[in-house]
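This report concerns only the one structure given below.
Residue numbers (my numbering): 63 to 672.
Take a look at the structure:
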């Protein structure tokens, strides 16, 4: 089930990193029939896969076929992601919605449409898998309950994104400039993300338990027993709830919530039905262990760590794609839309990074936190034997192999073996606690180092240098592709000007003017350089005035008239400088103080002139 979390986040990354192309790969009618055809093929293949397993159940090994069932669910879920990727990158479905005004104002609604499409693909997998699941788990859960349980368990992972993205869309749609400017900065985006993340982490469980349709555990023997155990452990909570996952037909429990007011203990009806009271106590002790060992807080830290790593490595990822020649040649020679190909590569690398982080780093801590929660039973009881017998019952009723591990839990076999070692030697508990402490320390040091690198890349001199080199590389490559584009040379000149590479600046602007002599931007900037350059050999007042007058004849803008005034000033024609600056001031709306200072300077020079 936790794998569904990963699937949804991957799909969200695929969608959010896609840059719609100006032209679609297929016409509307072709896209429609391809879309429907792919769904039909996917449904048929999925049904065949599970039907084959179901036919073999009468004569095959349940353990072997249970593994086959799990791998088929995983494989078809991954195929659902592939199908979704084809919809986005191959069929360009989102490009057909760009003209819908409402969706362009609130992009989150469009994203929800496509996430709904992916949920439909997963629902096809779950619908086809239901019959086999019923036989393997000896469950009487209906197909609709099975599908709804899968969806309801997985969808809350999207809650932070939905609120984060939705509120940002509303802010951008409202006519208030200050919050828009705040969100447009890196610091603003990070602060906004962190505030929302912590708010959702604290209050989110209240919404999630409503979404799951949880109901309070009735007053009685088990409620009183759980309450007494929580009181003994010093655990405060808001409520003890029935967890109706798969109709309650699973032996499982959970806990969520960082603070008492929004903390909930979740148990399924089958847990109370099949476990002995001592076994229920052991399971609740395990869940209490997650709270007492601060695991939920650490999970929040790991999500912030992922954000920090993503922020720190984003520029490096862009540089990698742009500066790696084989990738650039691949993008240039595919014959496909370059925006689509680039965003596809970008999405692929981000997804691989996401999988590595959560599968191996986050997964490592989850597995070891689960083991630490197992050992917390010794804090409340003298023995873990009830927890061991609980695990044995779960293995017997779940249909899952006894020794099957996953990315977020050790196998039941390994969990039992470790508890048996603790039964004979309690020092194993201390060893494991120390292992976790060291692992967290290494993780935090790594995150701080990556954060320092990220800060330097985004705000330090290294980042500024790389950014300039990056843009220069991009422009040069575009010039190689379209050497007759005057705007590229003009942009390159601007870049060189900002780096004070004056010889290269002059050459770039002159190349732009050679292609398009009436380019007011290039004329203006080259005039400003010749009029004001701090390196004396590049100053040429007469040429500056010639270029500035030509630019002013083409475009009557404040910044061009200011350059003309500066050129008059460089040629000691102070009265004309004053006249030009007055015109510039009359036309300007923003940054009037600059033009007022310029005018004052020219007027003072005119008064002193003989």
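Cβ coordinates follow ideal geometry from the N, Cα and C atoms, glycine included.
- DSSP lists 326 as the bridge partner or partners of residue 318.
- Given a length threshold of 4 residues, each whole run of the alpha helix (DSSP H) inside the segment 437–525 is given here in chain order: 439–442, 447–460, 474–486, 489–521.
- DSSP places residue 313 in the coil class of the three-state scheme, outside both helix and strand.
- Secondary-structure assignment with DSSP links residue 277 through a beta bridge to 304.
- A direct Cα-to-Cα measurement between residue 517 and residue 412 gives close to 20 Å.
- Taking a cut-off of 8 Å for Cβ pairs, the segment 204–219 and the segment 228–237 do not touch, as fewer than three such pairs fall below it.
- In this structure residue 600 is not in contact with residue 627, their Cβ atoms being roughly 20 Å apart against a cut-off of 8 Å.
- Straight across, the Cα-Cα distance linking residue 409 with residue 659 is about 49 Å.
- Boundaries of the alpha helix (DSSP H) harbouring residue 584: 582–594, taken from the DSSP string.
- When 633, 473, 553 are compared, the shortest CA-CA separation from residue 574 is found for 553.
- Across the structure, residue 349 and residue 440 are spaced so that their CA atoms are roughly 13 Å apart.
- The C-beta distance from residue 342 to residue 284 rounds to 7 Å, short enough to meet the 8 Å contact threshold.
- For residue 162, the secondary structure class from DSSP, reduced to helix, strand or coil, is coil.
- If you compare the alpha carbons of 316, 507, 443, 222 with that of residue 371, the shortest gap goes to 507.
- Secondary structure of residue 134 (DSSP, three-state): helix.
- With 16 or more other Cβ atoms inside 10 Å of its own Cβ, residue 625 counts as buried.
- Annotated three-state conformation of residue 337 is coil, per DSSP.
- Judged by DSSP secondary structure, residue 214 falls within the alpha helix (DSSP H) whose first and last residues are 205–216.
- Of the residues assessed, residue 212 falls on the buried side of the cut-off, its CB having 16 or more other CB atoms within 10 angstroms.
- Between residue 173 and residue 139, the CB-CB gap reaches or exceeds 8 Å.
- A direct Cα-to-Cα measurement between residue 214 and residue 94 gives close to 29 Å.
- Sequence-distant Cβ neighbours of residue 222 in its own chain, meaning closer than 6 Å and more than five residues away, are 262.
- Collapsing the DSSP output to three states places residue 168 in coil.
- The segment 468–481 makes no contact with the segment 75–84, as fewer than three CB pairs between them are under 8 Å.
- Contact check for residue 70 against residue 229 fails: the beta carbons are separated by 8 Å or more.
- Taking C-alpha positions only, residue 485 is separated from residue 445 by approximately 7 Å.
- Residue 436 and residue 442 have their C-alpha atoms spaced approximately 11 Å apart.
- Here the C-alpha atom of residue 618 lies approximately 28 Å from the C-alpha atom of residue 566.
- Membership of residue 624 in the alpha helix (DSSP H) is indicated by the continuous run 620–632.
- Around the Cβ of residue 666, a 10 Å sphere holds fewer than 16 other Cβ atoms; the residue is exposed.
- Taking C-beta separations shorter than 7 Å and ignoring five residues to either side along the sequence, the partners of residue 469 in its chain run 421, 425, following chain order.
- Assigned with DSSP and collapsed to three states, residue 601 falls in coil, not helix or strand.
- The residues 586, 613, 614, in chain order, have a CB closer than 6 Å to that of residue 622 in the same chain once the five nearest residues on each side in sequence are set aside.
- With contacts defined by Cβ atoms closer than 8 Å, residue 115 and residue 194 form a contacting pair.
- Of the candidates 106, 100, 144, 144 places its Cα closest to the Cα of residue 72.
- Secondary structure of residue 200 (DSSP, three-state): coil.
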